[in-house]
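Keeping their order, the protein sequence lines are chains A and B.
Residues in the first sequence are numbered consecutively from 0, following numbering that gives the first Met the number 0.
Residues in the second sequence are numbered consecutively from 0, following numbering that gives the first Met the number 0.
Report on the structure given below.
2 protein chains.
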Amino acid sequence: MPSQRTDPQAKRGELAILGQIRARAGRSRFPSLALGIGDDCALLRPQPGQELAVTTDLTTCGTHFRLDWHSPESAGHRALARGLSDLAAMGAKPVAAFLSLGLPREFANPTGPWSASWAGRFVDGLLNLARTYKTPLAGGDLSETPIPLADIVLIGSVPAGQALLRSTSRPGDLLYVTGWLGGGAAALPHFDRLSKQRQRKNQARTGGLTPSNIPKHLKSLLDRHLYPQPRIAQGLRLRTRSLASAAIDLSDGLSTDLTHLCEESRVAAEVDAALLPIHPGADLSYALNGGDDYELLFTAAPGARIPRQIARVPIRCIGRILPARKGQPTITLLTPEGRQPVTPQGWEHFR
Amino acid sequence: MPSQRTDPQAKRGELAILGQIRARAGRSRFPSLALGIGDDCALLRPQPGQELAVTTDLTTCGTHFRLDWHSPESAGHRALARGLSDLAAMGAKPVAAFLSLGLPREFANPTGPWSASWAGRFVDGLLNLARTYKTPLAGGDLSETPIPLADIVLIGSVPAGQALLRSTSRPGDLLYVTGWLGGGAAALPHFDRLSKQRQRKNQARTGGLTPSNIPKHLKSLLDRHLYPQPRIAQGLRLRTRSLASAAIDLSDGLSTDLTHLCEESRVAAEVDAALLPIHPGADLSYALNGGDDYELLFTAAPGARIPRQIARVPIRCIGRILPARKGQPTITLLTPEGRQPVTPQGWEHFR
């Protein structure tokens with residue numbers, strides 16, 4: 000609101016911060032981006048015959064990251080990874096990202112240089128991942144908020160009518176997953192323990208965990224959570240080779256996301272516990288109900304020739320799609336002890 | 000994060016809220032929207048030869064609206080109006096909106112029905128304005144936050160190469176504005192006074208001001224703030240008739256937004272105070288530095304035949320564009336007392 004604030008102590012106003020982000024976002028040319036940061040809107044120039052896939056993901060401190068667990072770089076990386084993972088699930092190629100950033104005043108006006116500030120490091124983590132996937136930061140907004148938060152918008156490109164959907168799976172299809180399950184969530188108890196250790200030693204609590212205070216044997220598990228790799232290449236391959244009949248990304252956990260896919264496709268599914276690619280350090284419960292894996296879950300016709308890996312990420316068949324029947328569970332787990340119904344127990348806000 | 004919460008008291012989870020929003024967003028067909036709410040991404044189908052204009056606006060409680068001033072419907076209307084106004088400034092036609100909504104737990108799990116909840120009424124206010132501009136709500140996200148907030152993404156369509164920009168004004172151009180200035184900000188002291196009156200009478204403080212407690216003679220001024228009308232029709236006309244050489248919307252205040260236009264175009268500007276269309280109830284200072292007007296500020300070549308009104312909104316010439324000169328102010332105000340430099344004093348976060 001336009002009541003004026005004139006605080007002579009304020010070190011860094013909105014325009015200065017936006018200028019910093021604009022400078023860091025760079026001036027590389029991208030064929031699909033006609034106009035980037037600096038006007039009322041950015042301008043995208045879609046290629047003929049392409050549809051644009053659009054997703055927004057709101058990442059908030061306390062819910063999606065914690066100041067004592069996640070470094071600012073990890074928080075920025077994870078915020079962008081969530082959106083890229085949604086593009087991957089549609090088989091879309093990233094075109095542009097937009098960042099609406101909410102910052103408490105002390106995060107916006109720190110004492111040191113921008114690149115050492117929480118916000119500067121958050122943006123750096125985000126831009127590092129954006130560069131990996133050749134995704135320009137094309138715009139956004141900035142506002143004061145009681146906690147740091149970021150809404151990330153990702154826009155991707157996909158030939159018209161060819162996007163992978165949640166709603167197109169059919170009974171008889173086989174069920175596949177990329178990579179490994181459960182690692183993203185199995186890391187959490189370690190963060191909790193390591194953070195409490197630091198607290199007891201009176202070490203800084205708001206910089207997140209850094210490589211120096213993560214034990215070597217935990218690094219791969221914790222990196223799985225801190226720096227998830229969206230499966231863009233895998234989604235693109237599934238789409239261009241017409242391999243998948245339906246797809247969704249695993250952000251909220253297999254039991255929840257498979258339920259979404261089944262509901263949108265009006266089918267049921269059977270998962271074989273013995274076939275789940277459980278991440279080292281995780282267990283069946285994490286694999287079923289943990290979130291933050293950012294793998295792709297997809298279905299394919301029984302005759303489809305699914306490669307055993309795509310871009311060095313393994314692909315595993317974990318079950319099959321069944322007709323939905325009244326009174327029958329949407330998801331059934333096959334275990335040595337027999338068939339068990341699975342209820343969605345992944346992440347849901349406000350539950 | 001995927002740690003599980005199972006609160007038996009919780010009345011309404013994320014999926015239920017998203018279901019409510021999805022139902023309210025409706026199932027109307029829009030030619031440019033191939034797929035709406037319900038998958039990992041929405042799918043837009045741009046028409047051949049069109050560019051897409053994209054803008055994000057983060058609206059937060061305490062900064063952009065107040066629970067004791069703004070009804071939830073007004074907060075939702077204003078959130079969407081900010082984005083639509085950015086599209087108007089580019090001469091773009093709205094194609095789709097996305098809403099990332101942050102809610103405190105008590106806003107998400109109220110005791111009454113969804114349509115009577117703060118979030119339900121916010122979404123209704125937003126969707127009412129969206130219907131006016133035939134803009135489908137095509138997706139979004141939901142998260143728990145300490146204060147209510149909303150990031151609004153607007154996507155519009157504009158023929159390639161024809162968007163109105165901030166950066167293309169030239170010395171010699173004349174400076175125009177749509178509608179009236181200063182009303183959006185001049186309403187604020189009245190909100191303050193009316194809210195304190197209610198407080199003294201021990202009336203509810205969090206429902207915002209309603210028509211019943213706004214005196215009749217203030218209604219038009221206060222509505223100017225509560226329900227701003229984005230100048231979509233005016234932006235489209237300026238673009239299709241090739242009337243404007245540059246444009247920006249007045250969200251932060253004339254002195255700030257004209258400075259943006261001048262900086263991006265590398266020009267200076269002269270504003271004649273006597274020509275400013277000051278809203279009844281406002282004054283010169285509000286007209287120069289108040290925000291929230293959501294009018295269009297544009298420039299046009301001296302020979303351009305600018306209509307006196309577009310879609311019943313008056314268009315006024317308020318000054319002219321000059322070459323930028325070192326040591327000279329970017330904006331000069333002509334008054335009966337002479338020429339005065341104007342510094343940007345509109346809204347800036349973290350200042």
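C-beta: ideal position from N, C-alpha, C; glycine also.
It should be emphasised that the depicted structure is a prediction, and the values quoted were computed from it without experimental measurement.
- Bridge pairing for A:Pro313: A:Gln308 [DSSP].
- Nearest C-alpha to A:Ala286 among A:Arg65, A:Ala243, A:Ser250 and A:Lys215: A:Ser250.
- Less than 8 Å divides the Cβ of B:Leu100 from the Cβ of B:Ala149.
- Nearest to A:Pro71 by C-alpha distance, out of A:Arg319, A:Ile154 and A:Gly206, is A:Gly206.
- The beta carbon of A:Arg44 sits closer than 6 Å to the beta carbons of Ser31 and Ala33 from its chain, once the five residues preceding and following it are set aside; these are given in chain order.
- At least one CB of chain B lies nearer than 8 Å to the CB of A:Thr144.
- B:Ala41 and A:Thr110 have their alpha carbons spaced roughly 41 Å apart.
- Contact annotation: in the segment 47 to 76 of chain A, residues whose CB is within less than 7 Å of a CB in chain B are Pro47, Glu50, Leu51, Ala52, Val53, Thr54, Thr55, Asp56, Leu57, Thr59, Thr62 and His63.
- For A:Leu220 and B:Ala52, the gap between their C-alpha atoms comes out near 40 Å.
- Counting C-beta atoms within 10 angstroms of its own C-beta, B:Pro147 has 16 or more neighbours from the protein chains shown and is therefore classed as buried.
- Chain-ordered listing is empty here: chain B has no CB closer than 7 Å to the CB of A:Ala286, the nearest sitting near 12 Å.
- Around B:Ser99, the beta-carbon contacts reaching into chain A at under 7 Å are Thr55, Leu57 and Asp150.
- Using a Cβ-Cβ cut-off of 8 Å, A:Asp282 does not count as an interface residue toward chain B, since no Cβ of chain B sits closer than that to its own.
- Per the C-alpha coordinates, the member of A:Gly337, A:Glu105, A:Leu83 and A:Gly82 positioned closest to A:Glu13 is A:Glu105.
- Within the segment 99 to 129 of chain B, those residues whose Cβ lies closer than 8 Å to any Cβ of chain A are, in chain order, Ser99, Leu100, Gly101, Leu102, Arg104, Ala107 and Asn108.
- In the pairwise beta carbon analysis, the segment 283 to 298 of chain A is classified as touching the segment 178 to 194 of chain A: at least three pairs are separated by under 8 Å.
- A residue is called buried when at least 16 other Cβ atoms come within 10 angstroms of its Cβ; B:Ser84 meets this threshold and is buried.
- Contact between the segment 134 to 141 of chain A and the segment 52 to 67 of chain B is established, with three or more Cβ pairs separated by less than 8 Å.
- For B:Cys261, no chain A residue has a C-beta closer than 7 Å to its own C-beta; the minimum C-beta separation is roughly 13 Å.
- The three-state reading of DSSP puts B:Arg319 in strand, counting E and B together.
- Straight-line spacing of the CA atoms in B:Leu253 and B:Gln308 works out to 20 Å.
- For B:Leu98, the closest alpha carbon among the candidates B:Ala15, B:Pro343, B:Val157 and B:Ala24 is that of B:Ala24.
- In this structure, B:Tyr293 places its C-beta atom within 8 Å of the C-beta atom of B:Asp248.
- Below the 9 Å Cβ cutoff, chain B contributes His348 and Phe349 as neighbours of A:Ile16, in chain order.
- With contacts defined as CB atoms closer than 8 Å, B:Pro145 and A:Pro145 qualify as a contacting pair.
- Chain B places a beta carbon closer than 8 Å to that of A:Ser166, counting this residue as a contact.
- In the same chain as A:Pro229, and ignoring 5 residues on each side of it, the C-beta atoms closer than 7 Å to its own belong to Ala80, Leu83, Ser84, Ala87 and Tyr293, in chain order.
- By the neighbour-count criterion, in which a residue is buried when 16 or more other Cβ atoms sit within 10 angstroms of its Cβ, A:Gln233 is buried.
- In this structure, A:Asn288 sits near A:Gly345, with a CB-CB distance shorter than 8 Å.
- In the DSSP annotation of this structure, the continuous segment of the alpha helix (DSSP H) that includes A:Phe190 starts and ends at Leu187 to Arg199.
- Contact note: B:Ile247 reaches chain A through Asp39, using a C-beta cutoff of 7 Å and chain order.
- In this chain, B:Lys325 is not harboured by any alpha helix (DSSP H), its DSSP state being neither H nor E.
- Taking the Cα positions, B:Thr331 is about 40 Å away from B:Gly48.
- Under the 8 Å criterion on CB atoms, B:Glu13 is classed as interfacial with respect to chain A.
- Annotation: the segment 8 to 40 of chain B contains the following complete segments of the alpha helix (DSSP H) (minimum length 4 residues), in chain order: 13 to 24.
- A:Lys218 is bridged by DSSP to nothing; it lacks a bridge partner.
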